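S.K.: Read top to bottom, the protein sequences are chains A and B.
Positions 197 to 704 (my numbering) are the ones given, in order, by the first sequence.
Positions 197 to 704 (my numbering) are the ones given, in order, by the second sequence.
2 protein chains.
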Amino acid sequence: MTEGPARERRRLLVASNRGPVGFRVADGGNLVSSRGGGGLVTALGGLARHHDLTWVCHALGDGDVEASRQAGDAAFDEMSRDGARYRLRFVGAPDATYELYYNTISNPLLWFLHHRLYGFGETPTIDRGTYAAWRAYEQVNRRVAEAIDAEATQMCASDAEDDDDPPVVIVHDYQLFLVPGMVRERQPDLFLQFFLHIPFPGFGAWRALPRPWCRQVCESLLACEIVGFQTRRDVSNFLRTCEQLLGAEVDYDSQRVRYLGATTQARAYPISVAVDEFRDHVQSPTVERYRDRIRAMRPEGGKLIVRVDRTDPSKNIVRGYRAYELLLHEHPELHGEVAMFCQLDPSRQDVPEYSRYLERIQATAERLNATFGTSTWTPLHVNLDSNFLAGVAGYCEYDVLYVNPVADGMNLVSKEGPLVNERDGVVVLSDQAGSFNELGPYVTAINPFDVAQQADALYAALTMDTEQRVARAQMLRQQVQVYDVRRWMDDQLDEIERITEGAPLPLQ
Amino acid sequence: MTEGPARERRRLLVASNRGPVGFRVADGGNLVSSRGGGGLVTALGGLARHHDLTWVCHALGDGDVEASRQAGDAAFDEMSRDGARYRLRFVGAPDATYELYYNTISNPLLWFLHHRLYGFGETPTIDRGTYAAWRAYEQVNRRVAEAIDAEATQMCASDAEDDDDPPVVIVHDYQLFLVPGMVRERQPDLFLQFFLHIPFPGFGAWRALPRPWCRQVCESLLACEIVGFQTRRDVSNFLRTCEQLLGAEVDYDSQRVRYLGATTQARAYPISVAVDEFRDHVQSPTVERYRDRIRAMRPEGGKLIVRVDRTDPSKNIVRGYRAYELLLHEHPELHGEVAMFCQLDPSRQDVPEYSRYLERIQATAERLNATFGTSTWTPLHVNLDSNFLAGVAGYCEYDVLYVNPVADGMNLVSKEGPLVNERDGVVVLSDQAGSFNELGPYVTAINPFDVAQQADALYAALTMDTEQRVARAQMLRQQVQVYDVRRWMDDQLDEIERITEGAPLPLQ
């Protein structure tokens, strides 16, 4: 990863539901830490090298709680993957409160509304229980805000140099919607940024929530100097919602909202992959083992379609299977010549909507193999577990990468795959993925609702001539390399500086 | 109904899926006609008194087909309810084609998308069958367009006077989305208006359809001089969709779209009730009989909640029952003091989504009565049939009228009820009904997704003091009387004249 432009050292406070590291209590009673991977952790961890970073997140298990207790429930020193020091602060909440915050409000309620997964005729229903859960959501958000407040106060007090710039707080994602507003009440001078990883829905989706909750969310976001989104569509939905819900004054060209005397800048910062770190995974012997197995699924001289997803209704796995079924039905010449490998991470199985969806996924897969499979050919291979490296192996081996979400903030599969694929594979990508804005010209576009069109697109991808495949694969790789996650972070830091200095931002 | 302002006699062509009159072949082989009721038929029928009216609609059964055949498959003379002459033209289509047009594309696909009834994770799915159905939809629309073309040509040819103004074509509703564009290709000089009775959804809903179909719909609407909607929210969704989907040039203040050299004016015309005609129903002895029965449901000295709906998921009957359950659960003092009467018209039972919804309605009702009912008190009475006059009787008798749709173009129940109610009843109305824009200040507002808030609202409505009830009932009645369906039609004719003359329209 190349270094970004030199910039001032700043005091940064990052908050997210899940942190960059988790602890468990080992057999001997010792604490063992394991550092998470993923683009976000890498990008934010990279901040530790150049800035004074404190990361606030939830204590997610006994190990985290114990680590926090040993630190006197205050921040303690931690090390990022690449060896830079930062401070970590765990926030606790009673299990029952966290459960309501996470498994009732955040998922499914907010996630489903943001991804348009509710049919409004019957879902969602707000009842007394939902109100209780919203109070838990407020409470957990408040604890995070209090931790940020405490850390920011200490940062300012302990800073020996006379730092003119206030600390910058960056809050992540829909689980923490209310944090910026709660921080602002306590700290009028901090620089506040929020980044939303999932789509911001049109105003119509918000009507399913009690109006006061919608106002709380929007007013909290408007406590920020900058609210970052994945795409310009999200920006535009946010601006319109502020206008319609709060009567805020909106300038659509400059993407600014004026509300109660303050100005908030909305911006699109498309997230991406930690390129070098991600490529390192391919060297792992485990990946090599998985690749052998996956190669064996590809018919001799034939083609392999790969998908890598969580089993979330937004990922659209059932329609994907139906499109593949249709392809096999209409193209008997492909029987024995093509196979599909799916690496599926069973997601949120304690939420009924998710376990039901997984059942339908499995039933459809069984039907497909029963209909088309022979003694020598299995058309669909499903690996159902949380196995990151098997997914990486799938990325290396695909001839067609099939990515068909009905809604997706960004979709990193469509960026990770082309980065490490070694077969000049074709990406078949939903026009509803956030990444479609960047990758659209180099992929085979699909409408995720239309299984007929998806079957046609899969056929086109499977039969694309080599020259086209090579050219597109190259362009995709290049796009992801240049616009990597470091760039995503750098763009945000640049614009934080510009706004701090009162400089104008370029039009998006 | 008062007479509108004097205006020029014009040649009008109205098109709608269902016409103002239906025929059946009686035992002796004679044709027997029956004229439909309802606001739209009354309003449009009223046009016959002042204008040269031809009405184009579908032949919906053997009687209609026979009537059309006897007229040589051309237009023939008919009489409106109030005795004015107009011409009627039936359009035929093979049953299988009509079935796809009506029961696959119009309902559920378009209806569900416009009312946001699909959870996008699994519904809708577009497949080869849907494409075939879309071709049937195009075909039926084309037949209507051809009939309009033929009638317009004849109108112009047979007109003795030298009429400068071109005939005006008014096309109704989502079943006929493609008609304006198809007419325009054949008749460049007609004045075209379209009126949409259901909500026009945000751009997000359209993404579930193949992009070419969305373009077809929008381009067809933009072939009109005026596109009318129920509310300003629909206007705004339409304008934005034209901008985002077609890149059309939109002026949001004047509500005008410029596209391919032509200008289309979008306007909100909230539909209403034919006041005098509707009040006449109350005099019917049948209504009096039903009122006796409904009165017997109201506990001695207690209150009666009434709802009148089709069993459509958009009407939100299940959540309504759940709110009533919650009310009874939290207010034991209401047991034996309140009852609910529901007049439910079983809707579109040949569409699986509708029959499943009806099953859930019935299961919830049974659970409610099993939980709370006693030997002397039935909390919930359901009349499940298509019985217009029983609904009118319910309107007369309600203490609380409960109207909680999750989405509704207008919702005439909320206008008809207050017009004939004789108990100064309170209207509990969803803020998602189109009528909420007009009636909001005089109703008890509810969020249709929130059963907790609906239970509270029902309680507030049941316990509202007399002065408030009387004042609100009076205001509601007055609002509906003044803004009746005649006014709705007059506003449209006025603006058609203004646009014809190139005069500006007032801002909405």
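The beta carbon of each residue, even a glycine, is placed where N, CA and C say it ideally should be.
Note that this is a predicted model, so its numbers are computed, not measured.
Between I501 (chain A) and Y591 (chain A), how many whole angstroms is the CB-CB distance? I'm expecting something under 8 Å.
M.R.: Taking the first residue of the first sequence as position 1, residue 501 (chain A) is located at position 305. Taking the first residue of the first sequence as position 1, residue 591 (chain A) is located at position 395. 13 Å between Cβ atoms; not a contact.
S.K.: For R489 (chain B), which of B:G424, B:V252 and B:V588 has the nearest alpha-carbon?
M.R.: The sequence position of residue 489 (chain B) within the second sequence is 293, counting from 1. Considering only alpha carbons, the answer is B:V588.
S.K.: What do you reckon, are the CB atoms on V336 (chain B) and Y297 (chain B) nearer than 8 Å?
M.R.: Within the second sequence, numbered from 1, the residue matching residue 336 (chain B) stands at position 140. Within the second sequence, numbered from 1, the residue matching residue 297 (chain B) stands at position 101. Yes; because the gap between Cβ atoms is below 8 Å, this pair is in contact.
S.K.: What did DSSP end up calling G424 (chain B) once you bin it into helix, strand or coil?
M.R.: By 1-based counting over the second sequence, the position of residue 424 (chain B) is 228. In the structure shown, G424 (chain B) sits in a strand (DSSP, three-state: E or B).
S.K.: Which stretch, first to last residue, makes up the alpha helix (DSSP H) that contains W573 (chain B)?
M.R.: In the second sequence, the residue the question calls residue 573 (chain B) occupies position 377. Looking at the DSSP string, W573 (chain B) is not in any alpha helix (DSSP H), and its letter there is neither H nor E.
S.K.: From the DSSP output, read off the bridge partner residues of M536 (chain B).
M.R.: Numbered from 1 along the second sequence, position 340 holds the residue referred to as residue 536 (chain B). The partner list for M536 (chain B) (beta bridge, DSSP) reads B:I501 and B:L576.
S.K.: For F391 (chain B), which residues in the same chain have their Cβ closer than 6 Å to its Cβ, ignoring the five residues on either side in sequence?
M.R.: For the purposes of this step, residue 391 (chain B) is identified with residue 195 of the second sequence, where counting begins at 1. If we look at F391 (chain B) and ignore the five residues flanking it on each side, its Cβ neighbours are H368 and G424.
S.K.: Nearest to F584 (chain B) by CA position, among B:V478, B:D472, B:G621 and B:A667, is which residue?
M.R.: Mapped onto the second sequence, residue 584 (chain B) falls at position 388. Answer by Cα proximity: B:V478.
S.K.: Count the other CB atoms within 10 Å of the CB of R151 (chain B); is the residue buried (16 or more) or exposed (fewer)?
M.R.: The structure shown does not extend to residue 151 (chain B), since chain B is modelled only from 197 through 704, so no value can be given for it.
S.K.: Out of B:A699, B:V616 and B:N643, which one is the CA nearest neighbour of V676 (chain B)?
M.R.: Taking the second sequence and counting its residues from 1, the one referred to as residue 676 (chain B) is at position 480. Taking only the C-alpha atoms, the option nearest V676 (chain B) is B:V616.
S.K.: Does any C-beta atom of chain A lie closer than 8 Å to the C-beta of E199 (chain B)?
M.R.: For this step, residue 199 (chain B) is matched to residue 3 along the second sequence. Here the model assigns E199 (chain B) a pLDDT of 47, short of 50, so the residue's position is not dependable, and the following value carries that caveat. False, the Cβ-Cβ gap to chain A never drops below 8 Å.
S.K.: Counting only C-beta atoms, is L313 (chain A) closer than 8 Å to chain B at any point?
M.R.: For the purposes of this step, residue 313 (chain A) is taken as the residue at position 117 of the first sequence. Chain B, which has a Cβ nearer than 8 Å to the Cβ of L313 (chain A), makes this yes.
S.K.: Between L227 (chain B) and G241 (chain B), what straight-line distance do the alpha-carbon atoms span, to the nearest angstrom?
M.R.: Within the second sequence, numbered from 1, the residue matching residue 227 (chain B) stands at position 31. Within the second sequence, numbered from 1, the residue matching residue 241 (chain B) stands at position 45. In a straight line, the C-alpha of L227 (chain B) is about 21 Å away from that of G241 (chain B).
S.K.: Taking only beta carbons into account, state which residues of the segment 397–418 of chain A come closer than 9 Å to chain B, listed in chain order.
M.R.: Answer in chain order: P397, G398, F399, G400, A401, R403, A404, L405, P406 and R407.
S.K.: For the ligand GTP, is there any heavy atom lying closer than 7 Å to the beta carbon of Y598 (chain B)?
M.R.: This structure does not include the ligand GTP; it has no bound ligands of any sort.
S.K.: Output the residue ranges of the alpha helix (DSSP H) runs that lie fully inside the segment 419–479 of chain B and measure 4 residues or longer, sorted by chain position.
M.R.: Runs of the alpha helix (DSSP H) inside the segment 419–479 of chain B: 428–442 and 471–478.
S.K.: Sort out for me which residues DSSP pairs Y282 (chain B) with in a bridge.
M.R.: Residue 282 (chain B) sits at position 86 when you count from the first residue of the second sequence. Answer is B:E274, bridged to Y282 (chain B).
S.K.: With 16 other CB atoms within 10 Å as the buried threshold, where does T662 (chain A) fall?
M.R.: By one-based count along the first sequence, residue 662 (chain A) stands at place 466. Looking at its Cβ environment, which holds fewer than 16 other Cβ atoms inside 10 Å, T662 (chain A) is exposed.
S.K.: Can you list, in chain order, the residues of its chain whose CB lies under 6 Å from that of D508 (chain A), leaving out five sequence neighbours each side?
M.R.: Position 312 of the first sequence, counting from 1, holds the residue named residue 508 (chain A). Same-chain partners within the cutoff: S543.
S.K.: Might you give, ordered along the chain, the residues of its own chain that have their beta carbon closer than 6 Å to the beta carbon of T300 (chain A), omitting 5 neighbours on each side?
M.R.: Counted from its first residue, the first sequence places residue 300 (chain A) at position 104. These residues qualify, in order along the chain: A329.
S.K.: For P601 (chain B), which residues from the same chain have a beta carbon less than 7 Å from its beta carbon, with the 5 sequence-adjacent residues on both sides left out?
M.R.: Reading the second sequence from its first residue, position 405 is the one you call residue 601 (chain B). Within the same chain, P601 (chain B) has close Cβ partners S510, K511, N512, N607, S626, Q628, A629 and P644.
S.K.: Using the Cα positions of S212 (chain A) and H254 (chain A), report the straight-line distance between them to the nearest angstrom.
M.R.: Counting from 1 along the first sequence, the entry for residue 212 (chain A) is found at position 16. Counting from 1 along the first sequence, the entry for residue 254 (chain A) is found at position 58. Cα to Cα, the separation comes out at about 8 Å.
S.K.: Give the secondary structure of S610 (chain B) by DSSP, where H, G and I count as helix, E and B as strand, and everything else as coil.
M.R.: Taking the second sequence and counting its residues from 1, one reaches residue 610 (chain B) at position 414. Here S610 (chain B) sits in helix by DSSP.
S.K.: Just curious, the beta strand (DSSP E) that I366 (chain A) is in, first and last residue?
M.R.: Here residue 366 (chain A) corresponds to residue number 170 of the first sequence, with the count starting at 1. Run containing I366 (chain A): V364 to H368, per the beta strand (DSSP E) assignment.
S.K.: Relative to the C-alpha of R665 (chain A), which candidate in A:D595, A:S468, A:D223 and A:V469 has its C-alpha closest?
M.R.: Here residue 665 (chain A) is taken as the residue at index 469 of the first sequence, counted from 1. Residue A:D595 is the option with its Cα nearest to R665 (chain A).
S.K.: Assign H310 (chain A) to one of two classes, buried (16 or more other C-beta atoms within 10 Å of its C-beta) or exposed (fewer than that).
M.R.: For the purposes of this step, residue 310 (chain A) is taken as residue 114 along the first sequence, with counting starting at 1. With 16 or more Cβ atoms within 10 Å of its Cβ, H310 (chain A) is classed as buried.
S.K.: With DSSP collapsed to three states, give me the class of T640 (chain B).
M.R.: If you number the second sequence from 1, residue 640 (chain B) lands on position 444. Strand, per DSSP.
S.K.: Roughly how many whole angstroms lie between the Cα atoms of A667 (chain A) and L654 (chain A)?
M.R.: Mapped onto the first sequence, residue 667 (chain A) falls at position 471. Mapped onto the first sequence, residue 654 (chain A) falls at position 458. Going by the C-alpha atoms only, they are around 18 Å apart.
S.K.: Can you give the Cα-Cα distance for T640 (chain B) and N579 (chain B), rounded to whole angstroms?
M.R.: One-based indexing of the second sequence puts residue 640 (chain B) at position 444. One-based indexing of the second sequence puts residue 579 (chain B) at position 383. Using only the alpha carbons, I get a separation of about 25 Å.
S.K.: Any beta-carbon of chain A closer than 8 Å to the one on E691 (chain B)?
M.R.: To locate residue 691 (chain B), count along the second sequence from 1; it is residue 495. No, E691 (chain B) lies away from the interface with chain A (no Cβ there is under 8 Å from its Cβ).
S.K.: Under a three-way DSSP split, which group does I322 (chain B) fall into?
M.R.: As a first step, residue 322 (chain B) must be located in the second sequence, where it is residue number 126. Three-state result, I322 (chain B): strand.
S.K.: Return yes when the Cβ of I366 (chain B) is within less than 8 Å of the Cβ of L256 (chain B), no when it is not.
M.R.: One-based indexing of the second sequence puts residue 256 (chain B) at position 60. One-based indexing of the second sequence puts residue 366 (chain B) at position 170. No, Cβ-Cβ distance for L256 (chain B) and I366 (chain B) is not below 8 Å.
S.K.: Rounded to whole angstroms, what is the Cα-Cα separation between A444 (chain B) and Q704 (chain A)?
M.R.: In the second sequence, counting from the first residue as 1, residue 444 (chain B) sits at position 248. In the first sequence, counting from the first residue as 1, residue 704 (chain A) sits at position 508. In a straight line, the C-alpha of A444 (chain B) is about 20 Å away from that of Q704 (chain A).
S.K.: Can you list, in chain order, the residues of its chain with a C-beta nearer than 8 Å to that of S582 (chain A)? Leave out the 5 residues immediately preceding and following it.
M.R.: Numbered from 1 along the first sequence, position 386 holds the residue referred to as residue 582 (chain A). Correct list, in chain order: D541 and P542.
S.K.: Hey, how far is the Cα of P216 (chain B) from the Cα of V609 (chain B)?
M.R.: On the second sequence, position 20 is the one that residue 216 (chain B) refers to. On the second sequence, position 413 is the one that residue 609 (chain B) refers to. Their Cα atoms are separated by approximately 20 Å.
S.K.: Got a sec? Which residues, its chain only, sit under 8 Å from G398 (chain B) by beta carbon, not counting five neighbours each side?
M.R.: Walking along the second sequence from the start, residue 398 (chain B) turns up at place 202. Excluding residues within five positions, the ones whose Cβ falls inside 8 Å are N433, R436 and T437.
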